[in-house]
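S.K.:
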Amino acid sequence: MHPITDAAATFGGRFNLILDPHDHCVYQNAFGDWRERPLDLTVGVKTPEGEVWALPFTSRAPHFPFVEQFDTLTTIEYRAVHPGLWIELRMRIRAPFYPREVRISTAPVYYVDVEVRPLKRFRRMRADSPLPAGELVFELRGEGLETVRAEDGFGYSFASVPPGCCSDTPLDARTECRVQGLDAEPFAAAGLRRRFDLTAEPSGRLALTWSAWAPEPVLEVAGEKTPFKYRSVFGSHADLLKWACVEREEVETKCDFLDRLFTDWSLGGSMSDMAALAFHSFLADTWWTTRKDGRDWFSVCEGPGCRQSAVDVEYNNALLYFALWPDLLKMLLDQWAELEKDGSALLGAVGKGSAFLSRDLGACHVVGRPTQSRPMGVEANADYLLLLTAWAGFTGNLEEAAGKVALGRRLAEFIFRSDSSGNGVPDRAVANAIDDAGPALQYGPEQVYLAFKSHAALWAFAELEQKCGLKGSQAERWRAFTSKGIKTIEDEGWVGDHYAVTLARTTEGMADPRTDEPLPAGELTGWNAYSVYTTNGLLYLFLSALKMPRWKMNRLRRDVENAHVATATPYGDRHTSGPDDIVWFSQNMWRDFVAAYLGIDMLHNVERYRDYQVTAGDSCSASPYCDTTEGNDGRFSSRGAAVFGAPLSAAGLGLNRLEKDLVLRPVRSTLTVPLLPLADWAAMRVPVLNVTNRDGVAVARISENDLLKGLTLRLEGAELEPE
92 MHPITDAAAT FGGRFNLILD PHDHCVYQNA FGDWRERPLD LTVGVKTPEG EVWALPFTSR
152 APHFPFVEQF DTLTTIEYRA VHPGLWIELR MRIRAPFYPR EVRISTAPVY YVDVEVRPLK
212 RFRRMRADSP LPAGELVFEL RGEGLETVRA EDGFGYSFAS VPPGCCSDTP LDARTECRVQ
272 GLDAEPFAAA GLRRRFDLTA EPSGRLALTW SAWAPEPVLE VAGEKTPFKY RSVFGSHADL
332 LKWACVEREE VETKCDFLDR LFTDWSLGGS MSDMAALAFH SFLADTWWTT RKDGRDWFSV
392 CEGPGCRQSA VDVEYNNALL YFALWPDLLK MLLDQWAELE KDGSALLGAV GKGSAFLSRD
452 LGACHVVGRP TQSRPMGVEA NADYLLLLTA WAGFTGNLEE AAGKVALGRR LAEFIFRSDS
512 SGNGVPDRAV ANAIDDAGPA LQYGPEQVYL AFKSHAALWA FAELEQKCGL KGSQAERWRA
572 FTSKGIKTIE DEGWVGDHYA VTLARTTEGM ADPRTDEPLP AGELTGWNAY SVYTTNGLLY
632 LFLSALKMPR WKMNRLRRDV ENAHVATATP YGDRHTSGPD DIVWFSQNMW RDFVAAYLGI
692 DMLHNVERYR DYQVTAGDSC SASPYCDTTE GNDGRFSSRG AAVFGAPLSA AGLGLNRLEK
752 DLVLRPVRST LTVPLLPLAD WAAMRVPVLN VTNRDGVAVA RISENDLLKG LTLRLEGAEL
812 EPE
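Using the numbering used here, the first residue of the sequence shown is number 92, and each one after it goes up by one.
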């Protein structure tokens with residue numbers, strides 16, 4: 092693809108480089124705004140005459156006339172061509188990451204490789220007088236940088252200030268960085284160069300490591316400053332650099348293995364690009380630190396909003412955790428559990444004894460105390476119950492899940508009591524996270540999508556309660572509420588060929604939760620619109636192979652298909668067919684994944700979502716992944732991590748280790764996808780589902796099938812090839 096804004100980012104350590112070809116610079120983000128520290132980065136070739144040609148991250152040199160970009164989960168690579176000099180320049184930046192390996196994933200270091208080769212042909216032009224020799228150059232400049240020369244490179248440091256959204260929160264923090272080169276010659280204040288001779292060798296190469304180190308703790312957790320996780324892994328910056336050099340071959344091998352899983356599938360290049368861009372943005376949002384008592388803290392910043400690990404955001408991000416690293420979700424489940432509030436704060440006296448979760452864990456560099464953002468009682472509670480139940484099924488860790496049952500009961504009780512009419516559909520504390528939608532979808536009473544999600548949550552939690560076998564189970568009560576609510580939705584919410592947005596028809600009793608101002612009397616605009624959110628609550632039931640409540644699946648399929656037609660735009664589907672005109676790409680992908688489980692293949696829609704990322708990525712104020720069209724600010728959002736549900740839903744994967752069940756229901760008769768939750772990452776082994784169409788019959792083959800040992804496989808829609 093043509094060059095767009097992208098991010099090299101390390102996991103949990105806040106070493107982020109925002110490569111912006113539109114602004115002709117690299118922004119280094121540590122603890123402040125995303126464009127915290129603009130760096131003029133000259134990477135290119137210097138001719139014997141002293142002329143420099145560079146990649147488009149500098150304003151001090153002309154740029155190569157042809158540049159393209161290639162992404163994987165762990166790399167960003169630029170290929171530049173100069174037909175006049177007849178050379179090809181490549182720069183690859185690798186940000187190490189490997190599932191469940193803390194050392195590799197949290198190391199705040201990049202491997203940067205710059206290479207120049209002769210160019211023999213471009214279009215129909217042939218090389219005339221190719222550049223015989225020159226220098227590869229790498230130089231940084233920027234205001235506010237304190238630089239220091241070293242024998243093998245240079246170092247620099249700078250101070251951070253809080254981002255604009257947290258300008259009232261003091262921050263005193265510095266970032267120390269080093270750039271070192273193998274057989275490179277330092278020059279200027281912060282530069283490295285190496286001569287090449289293309290008449291004597293096939294290529295010239297400059298190999299660098301670019302690293303960072305936070306000398307002091309930054310993230311404040313419940314009043315305690317906590318150092319980054321990597322500080323407990325590496326004793327010093329020098330230890331980090333030694334490890335990066337000695338272990339580079341192993342790191343590269345594992346990263347290559349991970350990358351291939353997301354390029355060798357049959358889901359296409361657009362899905363691979365979306366996975367890479369979304370993953371880079373997610374990594375840039377992450378914080379992983381260690382408390383004095385030894386407990387880890389993990390949270391994810393919500394893009395420009397700066398909120399940390401809002402429950403509704405992590406509801407989307409968790410598809411990444413389930414695919415690659417479930418222990419990360421366990422940390423979040425533990426952290427949210429510390430911030431419950433009594434239900435009476437939202438429901439009044441009727442809510443006493445129940446509980447709801449704070450929407451987030453804090454903001455910016457201060458966590459452990461939630462922000463004052465408007466609470467989303469029903470939605471946050473339903474999200475938590477669905478995540479808890481799915482985590483228990485995916486991991487098989489019933490003991491840990493049982494420790495959350497008491498909290499789960501209080502959260503479920505809140506949902507139960509949010510129904511003031513007794514019809515099984517919540518009508519109080521129903522404000523949600525769709526903050527750019529119209530009133531009907533955003534905070535309308537008796538929202539249909541929120542009813543489906545509440546029913547899914549209580550149904551799933553009832554299964555978990557029953558499995559745990561603890562005293563005082565309310566499982567039958569939750570099931571009865573769900574069954575009653577489903578009947579209400581089917582009787583009152585189905586409007587011809589789709590489900591309505593709300594059961595409420597008028598604005599009676601409604602007020603904007605942000606201002607408490609009542610809405611003008613009259614019909615509730617958009618109450619009967621088509622919506623992409625109807626099935627939002629179903630995905631984790633499919634993923635954890637749970638028996639479904641008695642939903643009318645044929646109606647759900649019709650709703651998905653008809654809403655898609657009614658809400659389509661060139662880049663994706665807007666929230667509803669009503670007054671809403673903004674597209675959220677994470678929610679579009681989420682809908683596509685549920686559709687796959689329902690037997691509807693909408694995964695090709697990713698081409699439209701990717702088109703927007705490429706279009707917006709080469710414009711002003713761009714980001715590596717933007718979750719919304721321009722009517723909202725979804726830049727640097729972590730929600731794109733939902734894309735990790737693509738291979739799971741394409742395979743129709745349902746995993747429940749508590750029941751020892753594995754379900755595969757492939758949505759395509761020709762398919763190749765990795766079964767990521769079944770991986771043995773330490774051994775670099777991942778089962779791959781391969782489905783081929785033989786004379787109209789779908790035949791499935793699973794590699795590394797010994798990793799399925801202990802699970803009962805149920806394959807639907809395809810025949811299993813005999814071994």
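All C-beta atoms in this analysis are idealised placements derived from N, C-alpha and C, irrespective of residue type, glycine included. These numbers come from a predicted model, not from an experiment.
Where are the alpha helix (DSSP H) runs, 4 residues long or more, that stay fully inside the region 380-445, in chain order?
M.R.: Segments of the alpha helix (DSSP H) lying fully in the region 380-445: 402-415, 417-428 and 435-438.
S.K.: Can the beta-carbon of Leu549 be found closer than 8 Å to that of Ile506?
M.R.: Yes, they are a contact pair.
S.K.: Between the region 425-442 and the region 507-524, can you find at least three pairs of beta-carbon atoms closer than 8 Å?
M.R.: Yes, the region 507-524 touches the region 425-442.
S.K.: Taking its Cβ as the centre, do 16 or more other Cβ atoms sit within 10 Å of Pro661, making it buried, or is it exposed?
M.R.: That one is exposed.
S.K.: Inspect the CB distances between the region 686-693 and the region 738-747 and report whether three or more fall short of 8 Å.
M.R.: Enough Cβ pairs lie closer than 8 Å, so yes.
S.K.: Which whole-angstrom value describes the C-beta separation of Pro209 and Ala198, a residue pair presumed to lie in contact below a C-beta threshold of 8 Å?
M.R.: Not confirmed; about 35 Å, so no contact.
S.K.: For the beta strand (DSSP E) that Thr317 lies in, which residues bound it at each end?
M.R.: That run of the beta strand (DSSP E) goes Glu315 to Thr317.
S.K.: DSSP on Gln565, reduced to helix/strand/coil?
M.R.: Here Gln565 sits in coil by DSSP.
S.K.: Figure out for me which residue from Pro253, Pro174 and Glu179 has the closest Cα to the Cα of Arg215.
M.R.: It is Pro174.
S.K.: Quick check on Cys336: buried or exposed, where buried means 16 or more other Cβ atoms within 10 Å of its Cβ?
M.R.: Its Cβ having fewer than 16 others within 10 Å, Cys336 is exposed.
S.K.: Apply the 10 Å Cβ neighbour rule to Ser372 and answer buried if 16 or more other Cβ atoms are within range, or exposed otherwise.
M.R.: Burial call: buried.
S.K.: For Arg52 and Leu132, I'd like the C-alpha separation in whole angstroms.
M.R.: Given a span of 92 to 814 for the chain in the structure shown, any question on residue 52 remains unanswerable.
S.K.: Residues bridged to Trp301 by DSSP?
M.R.: Looking at the DSSP assignment, Trp301 forms a beta bridge with Tyr201 and Val270.
S.K.: From Thr598, Trp642, Ala595 and His666, pick the residue whose C-alpha is nearest to that of Tyr621; which is it?
M.R.: The residue with the shortest Cα to Cα distance from Tyr621 is His666.
S.K.: Suppose you measure from the CA of Leu299 to the CA of Leu108; what does that come to, to the nearest Å?
M.R.: So the two alpha carbons sit approximately 15 Å from each other.
S.K.: Determine which residues share a DSSP beta bridge with Pro753 and list them.
M.R.: The sequence as given places Leu at residue 753; Pro does not occur at that position. Paired residues: Leu746 and Leu804.
S.K.: Cα separation between Ile577 and Gly385?
M.R.: Between Ile577 and Gly385, the C-alpha separation is close to 45 Å.
S.K.: For the alpha helix (DSSP H) containing Met362, list its first residue and its last residue.
M.R.: First-last of the alpha helix (DSSP H) with Met362: Gly360 to Asp376.
S.K.: Take every Cβ of the region 450-457, pair it with every Cβ of the region 475-493, and state whether three or more of those distances are shorter than 8 Å.
M.R.: No: fewer than three Cβ pairs fall under 8 Å.
S.K.: What's the C-alpha gap between Leu694 and Glu343?
M.R.: Whole-angstrom Cα-Cα distance: 30 Å.
S.K.: For Asp124, list the residues DSSP reports as bridge partners.
M.R.: According to DSSP, which records beta bridges pairwise, Asp124 is partnered with nothing at all.
S.K.: What would DSSP say about His173, mapped onto helix, strand or coil?
M.R.: Residue state, collapsed to three classes: strand.
S.K.: Provide the residue(s) that pair with Asp786 in DSSP beta bridges, ordered along the chain.
M.R.: The partner list for Asp786 (beta bridge, DSSP) is empty, contrary to what the question assumes.
S.K.: Give the single residue among Pro306, Asp204 and Ala291 whose Cα lies nearest to the Cα of Asp274.
M.R.: The shortest Cα separation from Asp274 among Pro306, Asp204 and Ala291 belongs to Asp204.
S.K.: Reducing DSSP to helix, strand and coil, say where Asp675 ends up.
M.R.: Per the sequence shown, the amino acid found at residue 675 is Trp instead of Asp. The answer is strand: DSSP assigns Trp675 an E or B state.
S.K.: Just to confirm, is the Cβ distance from Ser323 to Phe122 under 8 Å?
M.R.: For Ser323 and Phe122, no; Cβs fall outside 8 Å.
S.K.: Give every residue of the same chain whose Cβ lies closer than 8 Å to the Cβ of Tyr534, excluding the five residues on either side of it in the sequence, and list them in chain order.
M.R.: Within the same chain, Tyr534 has close Cβ partners Val521, Ala522, Asn523, Met601, Asp603 and Pro604.
S.K.: Within 10 Å of its beta-carbon, does Arg756 have 16 or more other beta-carbons around it, so buried, or fewer, so exposed?
M.R.: By the 10 Å Cβ count, Arg756 comes out buried.
S.K.: Which residues share a DSSP beta bridge with Gly584?
M.R.: According to DSSP, Gly584 bridges with nothing at all.
S.K.: Identify, in the order they occur along the chain, each residue of the same chain with its Cβ nearer than 6 Å to the Cβ of Arg570, setting aside the five sequence neighbours on each side.
M.R.: The residues are Ala553.
S.K.: Figure out for me which residue from Leu541, Phe676, Tyr700 and Pro530 has the closest Cα to the Cα of Gly617.
M.R.: Nearest C-alpha to Gly617: Pro530.
S.K.: Does the beta-carbon of His589 have 16 or more other beta-carbons within 10 angstroms, so that it is buried, or is it exposed?
M.R.: Burial call: buried.
S.K.: Suppose you measure from the CA of Ile184 to the CA of Val228; what does that come to, to the nearest Å?
M.R.: Rounded to the nearest angstrom, the two C-alpha atoms are 15 Å apart.
S.K.: Could you pull the start and end residues of the beta strand (DSSP E) that Gly244 belongs to?
M.R.: That run of the beta strand (DSSP E) goes Gly244 to Ser251.
S.K.: Would you kindly report the start and end of the unbroken alpha helix (DSSP H) that includes Phe552?
M.R.: Counting along the chain, the alpha helix (DSSP H) containing Phe552 begins and ends at Val539 to Cys559.
S.K.: Can you tell me whether Asn407 is buried or exposed? The criterion is at least 16 other CB atoms within 10 Å of its CB, across all chains shown.
M.R.: Buried.
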